[in-house]
Amino acid sequence: MIPLQAAAILLVALGATAVVLTRDLVRLALLSSVYALLLVVLFLVFQAPDVAISELVVGAIGFPLVIGVAIVLQRGG
Amino acid sequence: MSYLPYALAVWIFLVGLYGVVSSKSLVHLVVCLNVTQSSTYVLLLAIGYVERGTAPVFADVPTGTRAVDPVVQALTLTDIVVSVTVAALLLALSIDVQKRNRTVDPDELHAMRG
Amino acid sequence: MTRRTRLRLFAGSATGLGALLLWAMAGLPDFGHYSGAYGRILNAAAPPERHVSSVVAAVVFDYRGFDTLGEEFILFTSVMGVALLLREVRGDQVHRRDRVQSDAVRLVGVAFAPLLLVIGLYVVAHGYITPGGGFQGGVVLAAAFALLYVAGEYRAYRRLTPAFAVDFAEGTGAGGYAVVGIVSMLLGSAYLHNFGPLGTSGTLASGGSIAFLNIATALEVGAAFVLLFTEFLEEVEVSRRSGG
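So the sequences go chain by chain: U, Z and A.
In this text, residue positions in the first sequence follow numbering that gives the first Met the number 0: the first is 0, and each later residue adds one.
In this text, residue positions in the second sequence follow numbering that gives the first Met the number 0: the first is 0, and each later residue adds one.
In this text, residue positions in the third sequence follow numbering that gives the first Met the number 0: the first is 0, and each later residue adds one.
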């Protein structure tokens, strides 16, 4: 296992812990996108470009839009 | 050292579960559920990895070079896109809950009324 | 039960579950020594058999096309659930003007939205030659429309995504996938078996029915995400109007 893979694995573990421990919702929306980006790096290093494109697109477009609007609605418009 | 990806999958799974159990807001709960789901992606890709293998796309390398397993990648990539729509459904439910009960704290939503 | 009791119970059972999982992972083959036969056979057999370069696309749309049909219907059902929950009887309302004030943001949005559309179409069309495909390209297509809202105003976004067109596109995508399988049955082979001329590997005209399934998937995923976003934004408008 090459060192790049070990570094990516450690970063993903840190990112998951950070996402779970955040309570502020706006920060959570941003952190979930950063976590998705770290997952993209991990998937690329595991030689899976299709999965990496999928996660990139979802983490940059799909999930932040949905979470952002949910946060706005929760605050009452 | 070769055990590290599997240990990562277990760690992400347990951390995500902790987030679901100890969450104070339904939106945070949905995000932690997504984190838990990502642990299955990591596990699947880690199982399919071949040492010094390349991606299973033979557009620039000749067919027959050593490549990683394509079946687990196929399973994972459809799942990632579909999980966002399921998360959106859960968030729509939470919006509905908030309209009726004025709170999204899971600890305060106990009884089913009406 | 109270929160403290729940957390204590979780601490105990999580340690047990973690130990069990780690012990189970030790039985897997070492990282990098994948020993299954299915993957190796597919890597060797798919490019000459189906004339595509991306074995992953061949697995998603051909060898395991039935699983993808199931995933498509999960997507369709959950979007239908969101529409059922959030869609109320709304007349033709005049939406408030909420233009983005900054000229630079509007310029960037107007410049990039068509570019995103072209990139989305490229990712969809070359799905079986390079990494990409219907799922990834469909979300990029939806993002091209969402950029109009983010960098412009809500009215422009609504005018370009009328409800009947989005619903029609999504239904056509989901139903089209199932219908391609039926066409395959009418031609005498199994459901969702590859049919059509296989073409030359490496060009856009290759893969047989993989191309049709790719397009159907892209239609459905793009329309599903546009519909999701529209429903959520309409909810914001309604709550703003009622003085929330």
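Cβ atoms here follow ideal geometry from the backbone N, Cα and C, with glycine treated the same way.
This one's a predicted model, so the numbers in the text were calculated from it and none came from an experiment.
Beta bridge pairing from DSSP links H32 of chain A with Z:V49. By the Cβ rule, the segment 64 to 75 of chain A counts as touching the segment 183 to 192 of chain A, because three or more pairs are nearer than 8 Å. Residue pairing for V59 of chain A: DSSP places it in no beta bridge. Against A43 of chain A, the close residues of chain Z are T62 and G63, in the order they occur along the chain (beta-carbon pairs closer than 9 Å).
Remark: C-beta atoms of A168 of chain A and A222 of chain A approach each other more closely than 8 Å. Using a C-beta cut-off of 8 Å, the segment 125 to 133 of chain A makes no contact with the segment 148 to 157 of chain A, since fewer than three inter-stretch Cβ pairs fall below that distance. Taking a contact to require three or more Cβ pairs closer than 8 Å, the segment 48 to 60 of chain U and the segment 74 to 85 of chain Z qualify as touching. Against chain U, a Cβ distance below 9 Å from I46 of chain Z picks out nothing, because the smallest value is about 10 Å. Interface with chain A (8 Å Cβ-Cβ cutoff): I60 of chain U is included.
As the crow flies, the alpha-carbon of F211 of chain A is around 11 Å from that of V123 of chain A.
The segment 26 to 37 of chain A makes contact with the segment 32 to 48 of chain Z: 3 or more CB pairs, one atom from each, lie closer than 8 Å. When CB distances to chain Z are screened at a threshold of 7 Å, the residues of the segment 223 to 238 of chain A falling below it are A223, L227 and E234, in chain order.
Taking 8 Å as the CB threshold, V65 of chain U lines the interface with chain Z. A215 of chain A sits away from G126 of chain A, with the two beta carbons spaced by 8 Å or more. Taking C-beta atoms as the reference points, G174 of chain A and L218 of chain A fail to come closer than 8 Å. Shown here, A66 of chain Z sits in a strand according to DSSP, grouped into three states.
Proximity of the segment 80 to 95 of chain Z to the segment 5 to 21 of chain Z falls short of the contact definition, fewer than three beta-carbon pairs being nearer than 8 Å.
Judged by their CB atoms, G201 of chain A and R49 of chain A are not nearer to each other than the 8 Å cut-off.
Closer than 8 Å to the CB of H50 of chain A there is not a single CB belonging to chain Z.
Secondary structure at S32 of chain U: helix, using DSSP grouped into helix, strand and coil. The C-beta distance from P46 of chain A to F12 of chain Z rounds to 36 Å, too long to meet the 8 Å contact threshold.
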